[in-house]
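Residue numbers (our numbering), protein chains in the order written: chain A, 1 to 118; chain B, 1001 to 1118; chain C, 2001 to 2118; chain D, 3001 to 3118; chain E, 4001 to 4118; chain F, 5001 to 5118. For every residue, glycine included, the Cβ atom is placed at its ideal position computed from N, Cα and C. Here the structure is laid out as structure tokens; the discussion comes afterwards.
Number of protein chains: 6
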Amino acid sequence: MDLREFREFRERMNARILEADNLEIRRFFALDGRTYEDGALDTRTKELLGLVASMVLRCDDCITYHLVRCAEEGISDEELFETFSVALVVGGSIVIPHLRRAVERLDEIRQMQAGGAG
Amino acid sequence: MDLREFREFRERMNARILEADNLEIRRFFALDGRTYEDGALDTRTKELLGLVASMVLRCDDCITYHLVRCAEEGISDEELFETFSVALVVGGSIVIPHLRRAVERLDEIRQMQAGGAG
Amino acid sequence: MDLREFREFRERMNARILEADNLEIRRFFALDGRTYEDGALDTRTKELLGLVASMVLRCDDCITYHLVRCAEEGISDEELFETFSVALVVGGSIVIPHLRRAVERLDEIRQMQAGGAG
Amino acid sequence: MDLREFREFRERMNARILEADNLEIRRFFALDGRTYEDGALDTRTKELLGLVASMVLRCDDCITYHLVRCAEEGISDEELFETFSVALVVGGSIVIPHLRRAVERLDEIRQMQAGGAG
Amino acid sequence: MDLREFREFRERMNARILEADNLEIRRFFALDGRTYEDGALDTRTKELLGLVASMVLRCDDCITYHLVRCAEEGISDEELFETFSVALVVGGSIVIPHLRRAVERLDEIRQMQAGGAG
Amino acid sequence: MDLREFREFRERMNARILEADNLEIRRFFALDGRTYEDGALDTRTKELLGLVASMVLRCDDCITYHLVRCAEEGISDEELFETFSVALVVGGSIVIPHLRRAVERLDEIRQMQAGGAG
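Below, the structure is given as structure tokens:
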């Protein structure tokens, strides 16, 4: 699934879920969004926190989502690889397959950013 | 992988595994089946327990299996979404990608049920 | 830590956390409480869902909390042991140490219930 | 909790659990015991498998149990530390606190073995 | 176990582990230390990454270690609570018992810092 | 993804990751490789340890990697199924979907070994 397909699926299913009449799920989704807003820590730092948490918990879709957000916040590859190194050391070699997919996704994001600038 | 393919793969590989001469694995599979039978708790409740456990442990195939069983037991969407809300609050946003796939699968199951009734 | 000490610590620290000026944490705590209220599924069933999720995720304090709530809801030992069996089969032998502590805690809860009736 | 207390608690609660009238839990306990018996792999190797699985899943009681069994099987400290190194690399730094407690427990086991020989 | 006891145990067992003749474990410990040094991301940010990873993986000792380091780096309570909120939303209510212990530990650290300044 | 595609992706992304200028990640990869070399335990045993750890942590790519290595070390199907049985009993039914994919992969590996011998 490429990045466009990932986004389309994510948006379509999020809409489907929020349509269902379940208040707790809706509140959770709203809370999830607010958590990464600027506060004592800026969004940039919070997105890195979300990324490292997603990596050690080994959730590819969560990693993709936070990588996109990190790229939007202007975080550099060098900063991202240092975040990857924390995830790898904390979470162990079991993180490596997710790291491979994360780096492939990051390259895809950078190509889209480069294309968008052309 | 659609539901039919999931089932075909599951049945084929379960058969392949049970053919192998390993008594512990066979006993585990037998025990797994018995665990959801009616007892002090009915199958319906036990399938909801299996579903929520599968969601917080983030196992898509286990979620699919229990969703199919829940639908067979006549559990409503509203009851399933409340089960999803418990999984989401207990397990956190890391459950969301599995929730999206679960809801897509549920819609597929409901379509098959509707088709079967036609 | 016996049940009284657990409760005292839980209440004291929850109060301490909610005093801190963090809106997301407060909202999460509120949402957590609401999730187990009667809906399409009754509180009884939802507490069993919370219990099995806590067991497969292997969180002793969460197990204690839901055991207390299950006992308050009048759930029987036989129903609790069937919930334990689902957790054990889904989560594997790694759940056993938590099961031992859960059963010890359940016996403590039943003694308090018996004492309270005296 | 020292090793004697651990064993006493483990045996007492296992007996309590098996007394309860739940067939699935009893079968699981029986299956758990059989899994480590000699087969194509010897008990020695299977206990090392049980140990490394317990370490990456970060279950102190399971680690203690398998360390005791490994010591009974005559597995050396050097072999155990290599097993620890696999757990550490696979599971990451999150395993370190469990490694510290495992090594403390191993030293306790070795002292008991030495004392028993006196 | 208070903070002094935690530190004493941690240092004693780390020394015991590094004395054992296992090169991979030693290299892992060295690598673990280097990962949090200043780079493209500063130590401050990396310690927050280590903290959030420890919380979602629910490792109390790792949380204590990173809280101490965060306090040494001058990170404020407000920043720490925002890190807690990310861990809570990503990891779910299963994180709450660790959050309670984290906040208790943080209060202990702040008292020691205040005492040291006296 | 068949085995050839898995290997091609793995090698290409590992090369991409090691090209990035991050010393900690490179050191982790080097350490990961060394951990399975002959020592007090032989490579054969260590690969079984890596396999069981990968199964209980439910990482399909890690399972594939260790299955290939186990096959190269001449480990028999009977030994592998006993390793699977330990993973299943320790990790629970949540391991079953990974077991199905592991056995399918093992059959693919055996076919390649048989073809390579023709």
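Classification of F/E5072 by the beta-carbon crowding that lies within 10 angstroms, buried from 16 upward: Taking the first residue of the sixth sequence as 1, we reach residue 5072 of chain F at position 72. The residue in question, F/E5072, is exposed, as its Cβ has fewer than 16 Cβ neighbours within 10 Å.
Q. Within the chosen definition, does the region 1004 to 1024 of chain B reach the region 2011 to 2031 of chain C through at least 3 CB pairs nearer than 8 Å?
A. These segments do not touch.
Pull up the distance between the alpha-carbon of B/I1109 and that of C/E2082, whole angstroms please.
-> Within the second sequence, the letter at position 109 stands for residue 1109 of chain B. Within the third sequence, the letter at position 82 stands for residue 2082 of chain C. Distance from the CA of B/I1109 to the CA of C/E2082, rounded to the nearest whole angstrom, comes to 28 Å.
**Study point:** Closest by C-alpha distance to A/L66, when choosing among A/V86, A/E5, A/V90 and A/L106
**Key:** Taking the first sequence and counting its residues from 1, the one referred to as residue 66 of chain A is at position 66. It is worth fixing the name first, because residue 66 of chain A is His in this sequence and not Leu. Closest by alpha carbon: A/L106.
Taking CB distances under 8 Å as the criterion, tell me whether A/V143 reaches chain D.
Missing from the structure shown is residue 143 of chain A; chain A here goes from 1 to 118 and no further.
- Using a Cβ-Cβ cut-off of less than 8 Å, give me the residues of the region 1074 to 1087 of chain B that come near chain A, in sequence order. Residues of the region 1074 to 1087 of chain B that bring their beta carbon within less than 8 Å of a beta carbon in chain A comprise D1077, E1078, F1081, E1082, F1084 and S1085, in sequence order.
key: N- and C-terminal bounds of the alpha helix (DSSP H) containing F/C5062   = Stepping through the sixth sequence from its first residue, residue 5062 of chain F is reached at position 62. Annotation: the continuous alpha helix (DSSP H) that includes F/C5062 extends over D5060 to E5072.
| request: Check each candidate in F/M5112, F/Q5111, F/R5069 and F/R5101 and name the one with the smallest Cα separation from B/R1010. | output: Start at 1 with the first residue of the second sequence, and residue 1010 of chain B comes out as number 10. Taking only the C-alpha atoms, the option nearest B/R1010 is F/R5101.
Rounded Cβ spacing between B/V1086 and C/L2049 (contact assumed at less than 8 Å):
Within the second sequence, residue 1086 of chain B is the residue found at index 86, counting from 1. Within the third sequence, residue 2049 of chain C is the residue found at index 49, counting from 1. Contact check for B/V1086 and C/L2049: beta-carbon distance about 5 Å, within the 8 Å limit, so the pair qualifies.
Could you check whether A/L88 and F/F5028 sit closer than 8 Å to each other, using their CB atoms as the reference points? Here the question's residue 5028 of chain F lines up with position 28 in the sixth sequence. Here the question's residue 88 of chain A lines up with position 88 in the first sequence. One thing to note: F/F5028 has its Cβ within 8 Å of the Cβ of A/L88.
Let me confirm a value: B/M1001 is counted as buried when at least 16 other C-beta atoms fall within 10 Å, else exposed. Which label applies? Within the second sequence, numbered from 1, the residue matching residue 1001 of chain B stands at position 1. Exposed, because fewer than 16 other Cβ atoms sit within 10 Å of the Cβ of B/M1001.
Rounded C-alpha distance that separates D/C3059 from D/R3026 | If you number the fourth sequence from 1, residue 3059 of chain D lands on position 59. If you number the fourth sequence from 1, residue 3026 of chain D lands on position 26. Separation of D/C3059 and D/R3026 (C-alpha to C-alpha, rounded to the nearest whole angstrom) is 21 Å.
| said: Given a cut-off of 8 Å on the beta-carbon distance, is the pair D/A3040 and F/S5054 in contact? | reply: The residue labelled residue 3040 of chain D in the question sits at position 40 within the fourth sequence. The residue labelled residue 5054 of chain F in the question sits at position 54 within the sixth sequence. Their beta carbons are not under 8 Å apart, which means D/A3040 does not touch F/S5054 by this criterion.
Please list, in chain order, all residues of the same chain as A/E104 whose beta carbon is under 8 Å from its beta carbon, the five residues on each side excluded. Locating residue 104 of chain A in the first sequence gives position 104, where the first residue counts as 1. Correct list: empty, nothing qualifies.
| query | What in chain C is Cβ-close to A/R34, meaning under 7 Å? | reply | Translated into the one-based positions of the first sequence, residue 34 of chain A becomes position 34. For A/R34, the C-beta contacts it makes with chain C under 7 Å involve E2024, in order along the chain.
field: Cβ neighbours of C/H2098 in the same chain (closer than 7 Å, five flanking residues each side left out)
entry: Reading the third sequence from its first residue, position 98 is the one you call residue 2098 of chain C. M2055, R2058, D2060 and I2063.
Quick one: grab the DSSP three-state call for D/I3075. Residue mapping note: residue 3075 of chain D aligns to position 75 of the fourth sequence, counting from 1. Of the three classes helix, strand and coil, the one that applies to D/I3075 here is coil, per DSSP.
Go ahead and label D/A3117 buried or exposed: buried means 16 or more other beta carbons lie within 10 angstroms of its beta carbon, across all protein chains shown. For the purposes of this step, residue 3117 of chain D is identified with residue 117 of the fourth sequence, where counting begins at 1. Note that D/A3117 has pLDDT 48, beneath the 50 cutoff, so the model's placement of it is unreliable and no number is given.
Subject >> Separation of C/G2092 from B/L1031, as counted between CA atoms >> reply: By one-based count along the second sequence, residue 1031 of chain B stands at place 31. By one-based count along the third sequence, residue 2092 of chain C stands at place 92. Straight-line Cα distance between these residues: approximately 12 Å.
- Going straight from the alpha carbon of A/T45 to that of E/D4038, what length do you get? Indexing the first sequence from 1 puts residue 45 of chain A at position 45. Indexing the fifth sequence from 1 puts residue 4038 of chain E at position 38. One C-alpha to the other measures close to 15 Å.
- Distance, Cα to Cα, B/I1120 vs A/L51? It is not possible to answer for residue 1120 of chain B, since the shown part of chain B is limited to 1001 through 1118.
Assuming D/M3013 is part of the alpha helix (DSSP H), what are its boundary residues?
Reading the fourth sequence from its first residue, position 13 is the one you call residue 3013 of chain D. Run containing D/M3013: L3003 to E3019, per the alpha helix (DSSP H) assignment.
| By the criterion of Cβ-Cβ separation under 9 Å, what are the contact partners of F/M5001 in chain A? | Within the sixth sequence, residue 5001 of chain F is the residue found at index 1, counting from 1. Under a criterion of Cβ atoms nearer than 9 Å, no residue of chain A is adjacent to F/M5001; the nearest Cβ is some 12 Å distant.
| query | Between the C-alpha atoms of B/Y1036 and C/E2078, what's the straight-line distance to the nearest angstrom? | reply | Here residue 1036 of chain B refers to the residue found at position 36 of the second sequence. Here residue 2078 of chain C refers to the residue found at position 78 of the third sequence. Going from the Cα of B/Y1036 to the Cα of C/E2078 covers about 14 Å.
How is A/I80 classed by DSSP in three states: helix, strand or coil? By one-based count along the first sequence, residue 80 of chain A stands at place 80. First, the amino acid is wrong: residue 80 of chain A is Leu here, not Ile. Here A/L80 sits in helix by DSSP.
- prompt: Is it buried or exposed for B/E1047, if we count other Cβ within 10 angstroms and need 16 for buried?
  reply: Residue mapping note: residue 1047 of chain B aligns to position 47 of the second sequence, counting from 1. Residue environment: B/E1047 is assigned as buried (16 or more neighbouring CB atoms within 10 Å of its CB, all protein chains considered).
Measuring only between beta-carbons, confirm whether F/R5101 sits less than 8 Å from chain C. Working through the sixth sequence from its first residue, we reach residue 5101 of chain F at position 101. No, its Cβ sits nowhere closer than 8 Å to a Cβ of chain C.
Give me the chain F residues within the contact set of A/V56, using Cβ-Cβ distance strictly less than 8 Å, ordered along the chain.
Mapped onto the first sequence, residue 56 of chain A falls at position 56. Ordered by position in chain F, no residue passes the 8 Å Cβ test against A/V56, which lies about 12 Å from the chain.
Rounded separation between F/D5042 and D/D3042 - CA only | On the sixth sequence, position 42 is the one that residue 5042 of chain F refers to. On the fourth sequence, position 42 is the one that residue 3042 of chain D refers to. Rounded to whole angstroms, F/D5042 to D/D3042 spans 15 Å at the Cα level.
F/E5008 to F/A5015 span [Cα, whole Å] | By one-based count along the sixth sequence, residue 5008 of chain F stands at place 8. By one-based count along the sixth sequence, residue 5015 of chain F stands at place 15. Taking the straight line joining both Cα atoms gives about 11 Å.
**Q.** Backbone secondary structure at A/D32 - three-state DSSP
**A.** Within the first sequence, numbered from 1, the residue matching residue 32 of chain A stands at position 32. Three-state result, A/D32: helix.
ask   = At which residues does the alpha helix (DSSP H) containing A/L41 begin and terminate?
value = As a first step, residue 41 of chain A must be located in the first sequence, where it is residue number 41. Where A/L41 is concerned, there is no enclosing alpha helix (DSSP H), given that its DSSP letter is neither H nor E.
Next item on the list: Note down, in chain order, every chain I residue with its Cβ under 9 Å from the Cβ of F/I5094.
Entry: Looking for chain I here will not work: the only protein chains present are A, B, C, D, E and F.
* Under a CB-based cut-off of 8 Å, is F/T5045 close to chain D? -> Your numbering for residue 5045 of chain F matches position 45 in the sixth sequence. Answer yes: the Cβ-Cβ gap between F/T5045 and chain D drops below 8 Å somewhere.
Checklist entry - Name the chain C residues that come within less than 8 Å of D/I3063, Cβ to Cβ? => result By 1-based counting over the fourth sequence, the position of residue 3063 of chain D is 63. Contact annotation for D/I3063 against chain C: no contact, minimum CB-CB distance about 10 Å [criterion: below 8 Å].
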